[in-house]
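Engineer: Take this structure, written in structure tokens, and hold onto it; I'll ask about it next.
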Amino acid sequence: MNAEVFLDARLMEPPDPLMQGMATLAALSAGQFFHMRHRMAPRMLYPELAAMGLTEQTLQLGPDDFHLIAWSATDSAACTAARHCCEQLRGKQEPSPDIKEWSNPISPLTSLRHLSFHCVFFWWLHSLLCYRCRFGCTVVNRY
């Protein structure tokens, strides 16, 4: 009997990863752990894992390569096998300066570009709504 029950959900459309993941989790036997590979973090599955009393660990190996490992904390054989799987996956993990990069996609440079765009946009909008009279006074159009 294989300790790892693997589900590759990278090409599945919602809600198939959640449904097949739940069916696979319900069929786990003693000594087995669940390993799901997905293109994004399976956030909808986390409350279900907590309700089932399972321990989980999610590893991000690339921008669209997530591995969810779930096991029963009371099952020592499954716990050992799952931790071994996590260690193997961490060995494949590329070193990243910012591990949580996927949770905050806006970098400071992107924010600065966004801000400068808004400044130019509001200057343009202001020039449309306001004009100067011949004495240099700013008059705001009231629509």
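In the numbering used here, the protein residues as written are 18 to 160.
All C-beta atoms, glycine included, are put in the ideal place defined by N, C-alpha and C.
Is there contact here, the segment 95 to 109 with the segment 25 to 40, by at least three beta-carbon pairs under 8 Å?
Structural biologist: For the pair of segments examined, the segment 95 to 109 was found not to touch the segment 25 to 40: the number of CB pairs separated by less than 8 Å stays below three.
Engineer: Does the beta-carbon distance from ASP92 to MET57 come in below 8 Å?
Structural biologist: no
Engineer: Express the C-alpha separation of ALA43 and VAL22 in angstroms, rounding to a whole number.
Structural biologist: 12 Å
Engineer: Taking the continuous beta strand (DSSP E) assigned at GLU21, which residues delimit it?
Structural biologist: 21 to 25
Engineer: Would a C-beta distance cut-off of 8 Å place ALA90 and GLN49 closer than the cut-off?
Structural biologist: In this structure, GLN49 does not lie closer than 8 Å to ALA90 by Cβ.
Engineer: Are GLU73 and ILE86 touching if we call contact CB-CB under 8 Å?
Structural biologist: Yes. Within cutoff.
Engineer: With DSSP collapsed to three states, give me the class of ALA90.
Structural biologist: coil
Engineer: Taking the alpha carbon of ALA98 as the point to measure from, which residue in TYR63, GLN77 and HIS52 has its own alpha carbon closest?
Structural biologist: HIS52
Engineer: Which residues does DSSP pair with HIS84 in a beta bridge?
Structural biologist: ARG54 and LEU76
Engineer: Would you kindly check if the distance between the Cβ of LEU62 and the Cβ of GLY38 is under 8 Å?
Structural biologist: yes
Engineer: Which value, in whole angstroms, describes the spacing of the CA atoms of PRO34 and THR41?
Structural biologist: 10 Å
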